[in-house]
Amino acid sequence: MAEGKRARGFMGPLVILNFVMFIIVLGLAGWLLDKFIDWETRHHYRGNSVPGYFLIFSLMTGAVGGCTTLAGFVHWKAWRSESLAAAISSALISWSITVISFGLACKQFTFPNRGKKLKTLEAFIIILTFTQLIYLFLLYAGIISSKFGPGFHAYDTDYAMMTKEERERKSTGSINA
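When you read off a place in the sequence shown, starting at 1, and then add 104, the result is the number in this note's numbering.
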């Protein structure tokens, strides 16, 4: 099987799905924040200070997540260890912000009188938390094994890309470097 073909076939649709969902979150959060600032929806949230924070973090989640999926798309096209490192670092930052939004979305469940659009935004954030986690696992699988990704190796040696037998032969001097 070709190097990294298992994860590559699954990663492309997942990156596209995440990108579309992050753009939807960005649009919903921006629209709801505009309504919240204009005092049009604040009367629904009396005594509840969570929606303001939730909307701000959802907006950050959408913006950072959209940029992360673009880095993931570049990695999916290049499929090299250099792009893998960039995709993992941006995905980890994006996932951490998404988890903060997830926590605020879970906090929202305890309050009644939430609008349909706010419930929709909460659902998108919850789904994105798990799809982003799957994407992160796929990227980390690319570091661990070359079956799932391009692998990760240093520039001066291919030691991490070798099989166990090749490493043993190289350490005994059977293979010339």
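Backbone N, C-alpha and C define an ideal beta-carbon position, used for all residues, glycine too.
Range covered by the alpha helix (DSSP H) that runs through residue i
i, result
"Phe215", "From DSSP, Phe215 is part of no alpha helix (DSSP H); its letter is neither H nor E."
"Trp180", "154-182"
8 angstroms Cβ shell around residue i - same chain, five flanking residues per side excluded
i, result
"Val119", "Thr173, Gly176, Phe177, Trp180, Tyr239"
"Ala195", "Thr172, Ala175, Gly176, Gln236, Tyr239, Leu240, Leu243"
"Lys221", "Leu132, Trp135, Leu136"
Same chain, Cβ closer than 7 angstroms to residue i, five either side skipped, listed in chain order
i, result
"Val168", "Ile197, Ser198, Ile201"
"Leu159", "Ala133, Leu136, Leu137, Phe140"
"Ser162", "Val129, Ala133, Ser205, Leu225, Ile229"
Neighbourhood of residue i by C-beta distance below 6 angstroms, restricted to the same chain and skipping five residues each side
i, result
"Met115", "Trp180, Leu242"
"Pro117", "none"
"Cys171", "none"
"Ala281", "Bear in mind that the predicted position of Ala281 carries a pLDDT of just 47, short of 50, making it unreliable; the figure below should be weighed with that in mind. Counting only Cβ-Cβ distances below 6 angstroms, and skipping sequence neighbours, we find nothing."
beta-carbon residue i near the ligand SAH non-hydrogen atom, thresh 7 angstroms
i, result
"Arg112", "Of ligands this structure carries none, so the ligand SAH is not represented either."
Three-pair Cβ contact test at 8 angstroms for the stretch 182-194 versus the stretch 230-247 = As far as the Cβ criterion goes, the stretch 182-194 touches the stretch 230-247, which means the pair count is three or higher.
Segments assigned beta strand (DSSP E), at least 3 residues, entirely inside the stretch 219-249 | none
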